[in-house]
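Numbering (numbering that gives the first Met the number 0), first residue to last: 0 to 295.
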Amino acid sequence: MDARLIAFLDRADAVLARIEPFLPAPRPAIDWTQTLAARWQRDGRSGFLLPLEVSLDMRLSDLIGVDRQVEQLGRNTRQFIDGMPANHALLWGSRGTGKSSLIRALLAEHAGHGLRLIEIERDHLADLPRVVEQVAQLPQRFVVFCDDLSFESGEGDYRVLKSVLDGSLEQAPDNVLLYATSNRRHLVPEKESDNENWKRVDGELHPSEAVEDKIALSDRFGLWLSFYPFTQEHFLDVVEHWIGTLAAKAGLAWQRDEALDIEAVRWATGRGNRNGRCAYQFARYWVGLKLLEHNA
Numbered sequence: 000m001d002a003r004l005i006a007f008l009d010r011a012d013a014v015l016a017r018i019e020p021f022l023p024a025p026r027p028a029i030d031w032t033q034t035l036a037a038r039w040q041r042d043g044r045s046g047f048l049l050p051l052e053v054s055l056d057m058r059l060s061d062l063i064g065v066d067r068q069v070e071q072l073g074r075n076t077r078q079f080i081d082g083m084p085a086n087h088a089l090l091w092g093s094r095g096t097g098k099s100s101l102i103r104a105l106l107a108e109h110a111g112h113g114l115r116l117i118e119i120e121r122d123h124l125a126d127l128p129r130v131v132e133q134v135a136q137l138p139q140r141f142v143v144f145c146d147d148l149s150f151e152s153g154e155g156d157y158r159v160l161k162s163v164l165d166g167s168l169e170q171a172p173d174n175v176l177l178y179a180t181s182n183r184r185h186l187v188p189e190k191e192s193d194n195e196n197w198k199r200v201d202g203e204l205h206p207s208e209a210v211e212d213k214i215a216l217s218d219r220f221g222l223w224l225s226f227y228p229f230t231q232e233h234f235l236d237v238v239e240h241w242i243g244t245l246a247a248k249a250g251l252a253w254q255r256d257e258a259l260d261i262e263a264v265r266w267a268t269g270r271g272n273r274n275g276r277c278a279y280q281f282a283r284y285w286v287g288l289k290l291l292e293h294n295a
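Structure (structure tokens):
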């Protein structure tokens, strides 16, 4: 072999040895028959789907007082699984009221029928076309889930996202849906100044371009579901459900009474939250305390 070729190959080997530690490690393909959920992980300028170990202990029956939302998103999801037309969904409303829990409960309900979940962060939604490309030809049905999708004042990312969603959602294969949760219906803060330029034309109101621009992002979702703050009665019903569930697992006998209700309301008042998350946290506290007293 020519000496110059040998020298070139030696130099090439040396260069590869130096840059190899900086190259992304090869990622094995996900076996979606065994994997129920994954998260899109950004890796440099690209990314990959990271398999997740998920718990399927959240059931639709655990979601108390949101029957309408459960029924509507459940029906939409069943249409999707059965290969029928279905809508991308935006779940918006107060924090801790069951938005994310509903999506995870639907995974538990329908995982055996081929439903899979892919989590993606808001800042990575520009990679949505890459995510869709990786699962487009697979037999499973994929819900791409973005939790807490919202933007602060002054952020221009929502305009980029709007165009990405336009292309990704309109051309998405029929085995991919996008479900997102947000504390805001229109995802972007609305200011009083946005409404200063509304016009009346022949008796008809026309919103300003600023308002139209912000509302347009939410319009990418065909199904909107609203989640409202809990009333005190609703909160106490959720407390009762979770105490019953946790107490049954622990073999603890208990009975709901006025003293328990008062303690639960005080717990919620002290945290400034009267929602499902707070109810679950109180139930864990109360059941744990009773078990501790019982074992003392």
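In this text, a Cβ means the ideal position worked out from N, Cα and C, and glycines have one as well.
Just so it is clear, the structure is predicted and the values come from calculations on it, not from any experiment.
Within the model, the alpha-carbon separation for Glu-292 versus Gln-231 is close to 28 angstroms.
For Ala-282, the CB contacts under 7 angstroms within the same chain, skipping 5 residues up- and downstream, are Val-238, Trp-241, Ile-242, Leu-245 in chain order.
For the pair of segments examined, the stretch 244-263 was found not to touch the stretch 116-128: the number of CB pairs separated by less than 8 angstroms stays below three. With contacts defined as CB atoms closer than 9 angstroms, Phe-79 and Leu-116 fail to qualify as a contacting pair. For the alpha helix (DSSP H) assignment, the uninterrupted runs of no fewer than 4 residues enclosed by the stretch 2-43 are, from N- to C-terminal side, 2-18. Taking 4 residues as the shortest admissible run, the stretch 49-92 contains the following complete alpha helix (DSSP H) segments, listed from N- to C-terminal end: 66-80.
The stretch 51-59 and the stretch 266-278 do not touch, with fewer than 3 CB-CB distances between them shorter than 8 angstroms. Burial check for Glu-70: the Cβ neighbour count within 10 Å stays below 16, so the residue is exposed. For Phe-226 against Gln-68, the beta-carbon gap comes to about 7 angstroms, under 8 angstroms, which counts as contact. Per DSSP, Leu-259 has no beta-bridge partner at all.
Annotation: the continuous beta strand (DSSP E) that includes Trp-223 extends over 222-226.
The secondary-structure analysis by DSSP pairs Tyr-178 across a beta bridge with Ala-88, Phe-144. Here Gly-46 is bridged, per DSSP, to Arg-41.
Here DSSP, grouped into helix, strand and coil, assigns Ile-102 to helix.
When only Cα atoms are considered, Val-134 and Ile-5 end up about 44 angstroms apart. Looking from the CA of Leu-35, the closest CA among Gln-139, Trp-223, Arg-44, Asn-174 belongs to Gln-139. If you look at Ile-242, you'll find it in the alpha helix (DSSP H) that goes 231-249. When only Cα atoms are considered, Leu-222 and Ala-88 end up about 5 angstroms apart. The straight-line gap separating the alpha-carbon atoms of Leu-224 and Arg-74 is approximately 13 angstroms. Closest in alpha carbon position to Ala-104, among Gly-43, Glu-132, Leu-72, is Leu-72. Here Phe-7 is exposed: its Cβ has fewer than 16 other Cβ atoms, across all protein chains shown, within 10 Å.
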